[in-house]
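Student: Note that our numbering has the sequence shown beginning at 10, numbered continuously upward.
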Amino acid sequence: MLPRLPDKTPVIVITGAAGRIGSLLRERLSADPELKALFGGSFTLRLTDIIDLGSAGPNEDVRIGNLADEQFVDGLFADQQVQAVIHLAGYPREADWEVLLDANIRPSINIWEAARRTGVDRVLFASSNHATGFYARSQTIGSSVPPRPDSRYGLTKVFSEQLGFLYAYKFGVRSFSMRIGMFLPEPTTRRGLSTWLSYDDTVALVKVGLLADYTSEVVYGVSNNERAFWDNSAAFRLGYRPKDNAERFAHMFPGPDTADEVAEHFQGGVYTSNGLVRSGARLAELEKDPI
Ligand SMILES: NC(=O)c1ccc[n+]([C@@H]2O[C@H](COP(=O)([O-])OP(=O)(O)OC[C@H]3O[C@@H](n4cnc5c(N)ncnc54)[C@H](O)[C@@H]3O)[C@@H](O)[C@H]2O)c1
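(1) Starting from D70, follow the beta strand (DSSP E) in both directions and report where the run begins and ends.
(2) Out of L47, I30, T24, which has the shortest C-alpha to C-alpha gap to E72?
(3) State the Cα-Cα distance for the pair L220 and G277, rounded to the nearest angstrom.
(4) Out of P251, Y178, Y229, point me to the one whose CA is closest to Y223's CA.
(5) So, is R29 buried or exposed, given that buried needs 16 or more other C-beta atoms within 10 angstroms?
(6) Take the Cβ of L11 as the centre, count every other Cβ of all protein chains shown within 10 Å, and call the residue buried at 16 or more, exposed below.
(7) Assign I21 to buried or exposed, taking buried as 16 or more other Cβ atoms, counted over all protein chains shown, within 10 Å of its Cβ.
(8) Shortest alpha-carbon distance to S160 belongs to which of S137, Y280, G99?
(9) Leaving aside the five residues before and after P67 along the sequence, list all residues of the same chain whose C-beta is less than 8 angstroms from its C-beta, in chain order.
(10) Taking only three categories from DSSP, how would you classify L11?
(11) Confirm, please, whether the CB-CB distance from G230 to M191 is below 7 angstroms.
(12) Apply the 10 Å Cβ neighbour rule to H96 and answer buried if 16 or more other Cβ atoms are within range, or exposed otherwise.
(13) Compare the Cα-Cα distances from W239 to each of Y144, A124, E36, G163 and report the closest residue.
(14) Just reading off the alpha helix (DSSP H) that L109 is part of, what are its end residues?
(15) Need the endpoints of the alpha helix (DSSP H) that L47 sits in, please.
(16) With respect to the alpha helix (DSSP H) encompassing Q171, which residues constitute its N-terminal and C-terminal limits?
(17) Only counting the same chain, and skipping five residues up and downstream in sequence, which positions put a Cβ closer than 8 angstroms to that of V271?
(18) Looking at the unbroken beta strand (DSSP E) that takes in L56, where does it start and where does it end?
(19) Taking only runs that begin and end inside the segment 266-295, name each unbroken alpha helix (DSSP H) of 4 or more residues, in chain order.
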């Protein structure tokens, strides 16, 4: 990716910048030497959230607002200096449709539309493993399998992944969707031994999304875990080299996380069993469809 406007400072927008992942990226990306080199010495991080972000640091531009508001989003792109968006904002777990429409669906539409209109090079999107939660843990899936969302939340992530595909192939806005597992300093459940994404590996994956050459990609946001449910070769092809492995925490989780056999069977864990109208026969159909 090269600066399109050599006379102006290029901008990377981070949405949801006050959140857990956003705060880490704010701290780690602002002085990143590879990004500086890419942008000819300097770039601006345009940080946006609906809640307080504190005051702006040296190469930061802080904007508070609601991404469901189209005019607010258009304002983020109005100077036509935005090269890349790291779209993290959203409601990060299961919720009612009204909540998810305003936090996960409308913001994505507004972001990708503004990106298309202003010639943004790429949008990186914080998708979730709950886009494919209804695969069994015994299966190792790549990122090209059909989605099997385990929740309304997971379905909103599938929507934005597909928005990325449409805008990439139709309008030339590259998209990089990261199906993030468990982003925490360390795994807190046995399931996390499979799904954990460490802080360092998060930064590494986002940098691949910012630097690599692709049109539209879906990858897994997961560390180099021995028990990973996912074949992350799509990310490896683009240069992702995760360093951390959750196995060193395995002694902390000797037994299953729950007594719920549906949650223990499927990759999405309790997201698959919450609100489930139980039928063993119906769930068994998911096993008949080889991947
Ligand atoms: N943390 C994880 O383990 C994990 C796993 C899978 C996916 N994800 C996804 O990654 C993203 C970031 O996760 P996180 O853990 O940092 O979440 P977080 O809740 O800490 O941060 C999300 C931020 O988005 C902001 N936001 C929500 N709705 C908004 C709106 N309408 N306009 C502007 N800002 C809005 C919130 O204020 C919040 O600061 C989320 O989209 C989440 O679904 C996270």
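Where a beta carbon is used, it is the ideal one built from N, C-alpha and C, also for glycine.
For clarity, every value in this text was computed on a predicted model and none was experimentally measured.
Tutor: Looking at the atomic coordinates:
(1) For the purposes of this step, residue 70 is identified with residue 61 of the sequence shown, where counting begins at 1. 69-73 is the extent of the beta strand (DSSP E) around D70.
(2) To locate residue 72, count along the sequence shown from 1; it is residue 63. For the sequence presented, residue 72 should be read as Arg rather than Glu. Of the listed residues, the one whose Cα sits closest to R72 is T24.
(3) Here residue 220 refers to the residue found at position 211 of the sequence shown. Here residue 277 refers to the residue found at position 268 of the sequence shown. Each residue's Cα considered, the two are about 30 angstroms apart.
(4) Numbered from 1 along the sequence shown, position 214 holds the residue referred to as residue 223. Of the candidates P251, Y178, Y229, the one whose C-alpha sits nearest the C-alpha of Y223 is Y178.
(5) Counted from its first residue, the sequence shown places residue 29 at position 20. Answer is exposed; the Cβ neighbour count stays below 16.
(6) Position 2 of the sequence shown, counting from 1, holds the residue named residue 11. A caution first: L11 carries a pLDDT of 48, below 50, which makes its placement in the model too unreliable to give a value.
(7) As a working note, residue 21 is residue 12 in the sequence shown. Buried.
(8) Along the sequence shown, one-based indexing puts residue 160 at 151. Cα-wise, what sits closest to S160 is Y280.
(9) Start at 1 with the first residue of the sequence shown, and residue 67 comes out as number 58. Answer for P67: S39, listed in chain order.
(10) The residue labelled residue 11 in the question sits at position 2 within the sequence shown. Annotation note: pLDDT 48 at L11 (below 50); position unreliable, coordinate value reported separately. Of the three classes helix, strand and coil, the one that applies to L11 here is coil, per DSSP.
(11) For this step, residue 191 is matched to residue 182 along the sequence shown. For this step, residue 230 is matched to residue 221 along the sequence shown. Not a contact, by the Cβ cut-off of 7 angstroms.
(12) Locating residue 96 in the sequence shown gives position 87, counting from the first residue. By the neighbour-count rule (16 or more Cβ atoms within 10 Å), H96 is buried.
(13) As a working mapping, residue 239 is identified with position 230 in the sequence shown. For the residues Y144, A124, E36, G163, the minimum Cα distance to W239 belongs to Y144.
(14) Counting from one through the sequence shown, the residue named residue 109 turns up at place 100. 106-109 is the extent of the alpha helix (DSSP H) around L109.
(15) Within the sequence shown, numbered from 1, the residue matching residue 47 stands at position 38. First-last of the alpha helix (DSSP H) with L47: 42-47.
(16) For the purposes of this step, residue 171 is identified with residue 162 of the sequence shown, where counting begins at 1. That run of the alpha helix (DSSP H) goes 161-180.
(17) Taking the first residue of the sequence shown as 1, we reach residue 271 at position 262. Hits under 8 angstroms: T281, S282, L285, R287, L292.
(18) For the purposes of this step, residue 56 is taken as the residue at position 47 of the sequence shown. It spans 53-58 - the beta strand (DSSP E) in which L56 sits, taken as one unbroken run.
(19) 270-274, 279-282
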